[in-house]
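Chemist:
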Amino acid sequence: MSDIQSAKPDAPLLAVENLKVGFGPRGHVNEVVRGSSFAVEAGRCLAIVGESGSGKTVTARTLVGLTGERSHVSADLMELNGQSLLGLSGRRWRALRGAEIGFVLQDALVSLDPLRKVGKEIAEPLRIHDWKGDRKQKVIELLTEAGVPEPELRARQLPHELSGGLRQRALIASAIALDPPLLIADEPTTALDVTVQAQILALLEATKERGRGLILISHDLAVVSRLADDVAVMNQGEIVEQGPAEQILYSPQHAYTRALLDAIPSEHSKGTRLAPRVAGAYIPAGNPRVPNLVASRAPIITAENLVKAYRGPDGKSRTAVDHVSLEIRPGETLGIVGESGSGKTTTARIVLALVDPDSGNVTLRGKPWTTLKEKDRRQRRRRVSVVYQDPLSSFDPRWTVRRIVDDAIDEADYKGKEARLGRVRELLGHVGIDEGLLERRPLQLSGGQRQRVAIARALAPQPELIVCDEPVSALDVSIQAQVLDLLADLQSELNIAYLFISHDLGVIHHVSDRVMVMKDGKVVETGTAEDIFHAPKDEYTRQLFAALPRLERAQPVAKAVVA
Amino acid sequence: MATAIDPTVGGLPLPGGGAPARGGVVARVRGLRPVVLLAFVFVALLLIAAIAPSLLTKGDPLQVNLGHSLQAPSLEFPFGTDQSGRSVYTRVIYGARESILIGLGATAVGLGIAALLGVAAGIGGKWVDNGINRLLEVLFSFPILLFALFLVAIFGSGVSTQILAVGIASSPGYARMIRAQVLQVKGADYVIASRALGHPPSRTLFKNILPNAFRPLVVLATLGVGQSIVWASALSFLGLGVAPPAPEWGAMLDAGKDYIQTAWWLELFPGAAIVATTLAASCIGRYLQRRIEGETY
């Protein structure tokens, strides 16, 4: 069905020149892609990287004709196999999509019809393009090819019955059903655990090796380094730099690319700043922080043998946290790393005394904590604060920044309106939030600003420990870098301890003094960050590191990972 | 390098385009859509009619003049006269007070009962919730007319009976909404965040849960005022409301229905008043909804 062979041998599979895409009514067009040019050859992978709002997703959608009615697309050239993609009718696009261009969307759960069985979904492109043959048989083949175990069973299930990794594989199976010469994958591994991510990358790698062209849209440079032959870096609608992956990732020319690479927390960046200093931001008085491992100081939190089980929808009890013990001392950072469902967040909630453990107990400064009644805990809650993954949902939507921070200030310490406002200003100054934002509501803030306000709120009660539950997972890498730097600055200034939860090994390594690796509710390994990262003892920890895409070693993905 | 990555705005366009502009009253009125403006003007007139009807008409709504009975609209009697020669215009103006009183009163009664039941069901735990839900189901299935008859039998007919009947009948709908809102807000992250700060539950309830749970009700209540007026008019029409000579829109419709073939104005003008009031209330309700949502969403 594809006509790769008929194309001129030297012409690229896809050629795009001076692509412009804008939205809005005529005369008020907001241009989000401003003249980008790129090409993809068969059997090669072009990665388009950039932060949110850079125009990379719009670029991807333009190539499958899904930019919507209010969009304006123009280009000097946009050709697939020598055939122009400009000004195509809806019918023509439908004929191309699936057959000539496969498209893998970002979020498999929302991209799959919740009421349609997975098998039907995958058979859809076959049906639309009048594929002749046994569709059922083909679906099973595709699922097997995509590395889905028990394909017969999976085909009969609904999307929500599948795990995130399986869903993403089903989506890819659907996109490659007709073996299109060009496959576009928009953030295919975002929100997936590292081990699952490695499997998806291997699957895409296999597609590439079959001689198909691949466009990978990603914000994650480490992921890109595993797969891409060429990289185009987008910023504010423009491709600022493009070239072979090696060159872009290891000797970038453009300042934006360099800043993007510097912002990634990794092994060599520990103890250093990730983002360039922002003018006017809070600068701590002390020296760069030295790892804090003074064992003699009394711990803030001691948790012993925590167990917590939840009853699942099937009535079976599932142990979320299984005999976890931990200790956090003043001024240190304990990192908990693990894949989704490993019990990290439940552990944090027990430490925060928001969830009571089934057995085991937590003491705060040597005094009972989880065993207390809620009423008696209340006065001591101020010693432990929390920063959530999604700051937006953790703010009352009606409240302004000023009120959000004010609400967390202890009334006993700051009496009177003036004193409290002064304190709000001081706290916002600490986190680098401008005074002009005092009367803004959370929705009027950017993601990075929201997380800064969340940190200001966490600082307000003057806590000894802040529990950070995936605080940077929803942020772009440059914003993540600023937030991580901010947390480090605050720690060296105020000697706060952190319980830092993340699925991102690079982030955990960057921030932690000690690391705890969790799997299925159990602690599989615990030790100093150095030991865990350089001499992991446990098999699972080693696997986790093997699956982690790293910029340091850009090697092809090991085939063995696909089970 | 510092310019390449903006430190404050993470590459995202700011929703709402920055700080909301707060112009003066004149600017705000000018920004209104004509329909909304019309609705506000109409409501203003209604309020004048309710508070000081003599500003809008010099006549007496009860003054009988059999010599002028059933006259078609003219310059002297813009809305015509009824079978007793009373000016329909004057009666519609004087009727505004009762209608608005019933509309506001019934909505207040309905919301008041609903707030108590809904919040109790939302925060009271399983048993309270179950009990209140059964009560609401009973209220839902109770025919409003039967209920009004029952109240009339106890208290006699009149404005307060109408308010009570319409208010109680509309409360289960509100109560269900409030309960659902409270349950939703109760589980929100910001409520957990408040708990993690060590705030007592009463503070979280009054500062976070209730304001957020009641926010969508502002709009609903505005729409409810119009709906209550329609219901109250229906009760008056059936003779379960205000006693005949008193000017009330529903009662006027009832009194005029026997002459509908010859004197259309007896039905048209009170009917138009009811429809216009309800429309204006809905229009303002939707305007408020957009404003509230525009501020935080």
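Protein sequence lines correspond, in order, to chains Y and L. Residue numbering for the first sequence is 1163 to 1725, as defined by the numbering used here. Residue numbering for the second sequence is 131 to 427, as defined by the numbering used here. Heads up, the beta-carbon is just placed ideally off N, CA and C, and yes, glycines get one too.
Is G240/L helix, strand or coil by DSSP?
Modeler: The residue you call residue 240/L lines up with position 110 of the second sequence. G240/L falls in the helix class under three-state DSSP.
Chemist: Do L1228/Y and M1240/Y have their beta-carbon atoms positioned less than 8 Å apart in this structure?
Modeler: In the first sequence, the residue the question calls residue 1240/Y occupies position 78. In the first sequence, the residue the question calls residue 1228/Y occupies position 66. No, they are not a contact pair.
Chemist: I need the DSSP call for E1286/Y, collapsed to helix, strand or coil.
Modeler: For the purposes of this step, residue 1286/Y is identified with residue 124 of the first sequence, where counting begins at 1. DSSP places E1286/Y in helix when its eight states are reduced to three.
Chemist: Return the residue from the list A1177/Y, D1572/Y, A1209/Y and L1605/Y that minimises the CA-CA distance to A1390/Y.
Modeler: Residue numbering aside, residue 1390/Y sits at position 228 when the first sequence is read from its first letter. Of the candidates A1177/Y, D1572/Y, A1209/Y and L1605/Y, the one whose C-alpha sits nearest the C-alpha of A1390/Y is A1209/Y.
Chemist: When you compare only the Cα positions, how much space is there between F277/L and G354/L?
Modeler: Within the second sequence, numbered from 1, the residue matching residue 277/L stands at position 147. Within the second sequence, numbered from 1, the residue matching residue 354/L stands at position 224. Rounded to the nearest angstrom, the two C-alpha atoms are 19 Å apart.
Chemist: Does any residue of chain L bring its CB to less than 8 Å from the CB of A1570/Y?
Modeler: The residue you call residue 1570/Y lines up with position 408 of the first sequence. Closer than 8 Å to some Cβ of chain L, the Cβ of A1570/Y qualifies, so yes.
Chemist: Which of helix, strand or coil does DSSP assign to A278/L?
Modeler: Position 148 of the second sequence holds residue 278/L. It is helical.
Chemist: Measuring straight from C-alpha to C-alpha, what distance separates Q213/L and Y219/L?
Modeler: Counting from one through the second sequence, the residue named residue 213/L turns up at place 83. Counting from one through the second sequence, the residue named residue 219/L turns up at place 89. If I take the Cα positions, the gap works out to 14 Å.
Chemist: Which residues does DSSP pair with P1427/Y in a beta bridge?
Modeler: By one-based count along the first sequence, residue 1427/Y stands at place 265. Looking at the DSSP assignment, P1427/Y forms no beta bridge with any residue, so it has no partner.
Chemist: Less than 8 Å between the beta carbons of E1400/Y and P1343/Y, yes or no?
Modeler: Sequence index remark: in the first sequence, residue 1400/Y carries index 238 (1-based). Sequence index remark: in the first sequence, residue 1343/Y carries index 181 (1-based). No, Cβ-Cβ distance for E1400/Y and P1343/Y is not below 8 Å.
Chemist: Applying the criterion that 16 or more other CB atoms from any shown protein chain within 10 Å of the CB defines a buried residue, is I1694/Y buried or exposed?
Modeler: Counting from 1 along the first sequence, the entry for residue 1694/Y is found at position 532. Buried, since its Cβ has 16 or more Cβ neighbours within 10 Å.
Chemist: Would you mind listing the beta strand (DSSP E) stretches within the stretch 1236-1294 of chain Y that are 3+ residues and don't spill past its ends, in chain order?
Modeler: Whole beta strand (DSSP E) segments, 3+ residues: 1239-1242 and 1263-1266.
Chemist: What does Q1541/Y touch in chain L if you count any residue whose Cβ is under 7 Å from its own?
Modeler: Start at 1 with the first residue of the first sequence, and residue 1541/Y comes out as number 379. Simply G328.
Chemist: Determine whether the Cβ of S1198/Y lies closer than 8 Å to any Cβ atom of chain L.
Modeler: Working through the first sequence from its first residue, we reach residue 1198/Y at position 36. No, S1198/Y does not count as interfacial toward chain L.
Chemist: In three-state DSSP terms, what is K387/L?
Modeler: Translated into the one-based positions of the second sequence, residue 387/L becomes position 257. K387/L: helix per DSSP, three-state reduction.
Chemist: Pairing CB atoms from the stretch 334-353 of chain L with CB atoms from the stretch 1553-1567 of chain Y, are three or more of them under 8 Å?
Modeler: A contact exists between the stretch 334-353 of chain L and the stretch 1553-1567 of chain Y.
Chemist: Could you check if W257/L is buried or exposed, using at least 16 other CB atoms within 10 Å of its CB as the buried criterion?
Modeler: Counted from its first residue, the second sequence places residue 257/L at position 127. It counts as exposed.
Chemist: Is it true that the CB of L1288/Y sits closer than 8 Å to the CB of K1279/Y?
Modeler: Here residue 1279/Y corresponds to residue number 117 of the first sequence, with the count starting at 1. Here residue 1288/Y corresponds to residue number 126 of the first sequence, with the count starting at 1. Their beta carbons are not under 8 Å apart, which means K1279/Y does not touch L1288/Y by this criterion.
Chemist: Which residues in chain L sit within 8 Å of R1544/Y, going by Cβ to Cβ distance?
Modeler: Mapped onto the first sequence, residue 1544/Y falls at position 382. Result: L327 and G328.
Chemist: Taking 8 Å as the CB-CB limit, is I1445/Y close to chain L?
Modeler: Locating residue 1445/Y in the first sequence gives position 283, where the first residue counts as 1. In this prediction, I1445/Y has a pLDDT of 43, which is less than 50 and means its spatial position is unreliable; what the coordinates show is noted afterwards. Closer than 8 Å: no.
Chemist: Looking at the C-beta of D1558/Y, does it have a partner C-beta in chain L at a distance below 8 Å?
Modeler: Translated into positions along the first sequence, residue 1558/Y becomes position 396. Answer yes: the Cβ-Cβ gap between D1558/Y and chain L drops below 8 Å somewhere.
Chemist: Just to confirm, are M1396/Y and G1205/Y a CB contact at a threshold of 8 Å?
Modeler: Here the question's residue 1396/Y lines up with position 234 in the first sequence. Here the question's residue 1205/Y lines up with position 43 in the first sequence. No, these two residues do not count as a Cβ contact at 8 Å.
Chemist: Would you grab the beta carbon distance between E1408/Y and S1380/Y for me? Rounded to a whole angstrom, and I think it's under 8 Å.
Modeler: Working through the first sequence from its first residue, we reach residue 1408/Y at position 246. Working through the first sequence from its first residue, we reach residue 1380/Y at position 218. 17 Å between Cβ atoms; not a contact.
Chemist: Return no unless some Cβ of chain Y is closer than 8 Å to the Cβ of A318/L.
Modeler: Position 188 of the second sequence, counting from 1, holds the residue named residue 318/L. With 8 Å as the cut-off, A318/L counts as an interface residue toward chain Y.
Chemist: Confirm, please, whether the CB-CB distance from L1324/Y to R1316/Y is below 8 Å.
Modeler: Numbered from its first residue, the first sequence carries residue 1316/Y at position 154. Numbered from its first residue, the first sequence carries residue 1324/Y at position 162. Yes; because the gap between Cβ atoms is below 8 Å, this pair is in contact.
Chemist: Any residues in the stretch 233-255 of chain L with a beta carbon nearer than 9 Å to a beta carbon of chain Y? Which ones, in chain order?
Modeler: Going along the stretch 233-255 of chain L in chain order, one finds no residue with a Cβ nearer than 9 Å to chain Y.
Chemist: Does any residue of chain Y bring its CB to less than 8 Å from the CB of A310/L?
Modeler: What you label residue 310/L is simply residue 180 of the second sequence in a count that begins at 1. By this cut-off, A310/L is not an interface position.
Chemist: Roughly how many angstroms lie between the CA atoms of P1623/Y and I1617/Y, to the nearest whole one?
Modeler: On the first sequence, residue 1623/Y is found 461 positions in, with the first residue counted as 1. On the first sequence, residue 1617/Y is found 455 positions in, with the first residue counted as 1. Roughly 11 Å separates the two Cα atoms.
Chemist: Mind checking A393/L: buried by the 16 CB within 10 Å criterion, or exposed?
Modeler: The sequence position of residue 393/L within the second sequence is 263, counting from 1. Buried is the call here.
Chemist: Going by the CB atoms, is the gap between L1383/Y and I1426/Y shorter than 8 Å?
Modeler: Translated into positions along the first sequence, residue 1426/Y becomes position 264. Translated into positions along the first sequence, residue 1383/Y becomes position 221. Contact flag set, yes.
Chemist: Helix, strand or coil for R1491/Y? Go by DSSP, reduced to three states.
Modeler: Here residue 1491/Y refers to the residue found at position 329 when the first sequence is read from its first residue. Residue state, collapsed to three classes: coil.
Chemist: Go through the stretch 1587-1613 of chain Y residue by residue and report every complete run of the alpha helix (DSSP H) that reaches 4 residues or more, in order.
Modeler: Complete alpha helix (DSSP H) runs here, min 4: none at all.
Chemist: Would you tell me roughly how many angstroms separate the C-alpha atoms of L168/L and A182/L, rounded to the nearest one?
Modeler: Position 38 of the second sequence holds residue 168/L. Position 52 of the second sequence holds residue 182/L. Each residue's alpha carbon lies about 21 Å from the other.
Chemist: Verify the CB distance criterion: does S1555/Y have a CB-CB separation below 8 Å to chain L?
Modeler: Translated into the one-based positions of the first sequence, residue 1555/Y becomes position 393. Yes, S1555/Y lies at the interface with chain L (some Cβ there is under 8 Å from its Cβ).
Chemist: Excluding the 5 residues preceding and the 5 following Q357/L in the sequence, name in chain order all residues of the same chain whose CB lies nearer than 6 Å to its CB.
Modeler: Reading the second sequence from its first residue, position 227 is the one you call residue 357/L. Counting only Cβ-Cβ distances below 6 Å, and skipping sequence neighbours, we find nothing.
Chemist: Taking 8 Å as the threshold (beta carbon to beta carbon), is D1348/Y in contact with chain L?
Modeler: Working through the first sequence from its first residue, we reach residue 1348/Y at position 186. For D1348/Y, the answer is no, since every Cβ of chain L falls outside 8 Å of its Cβ.
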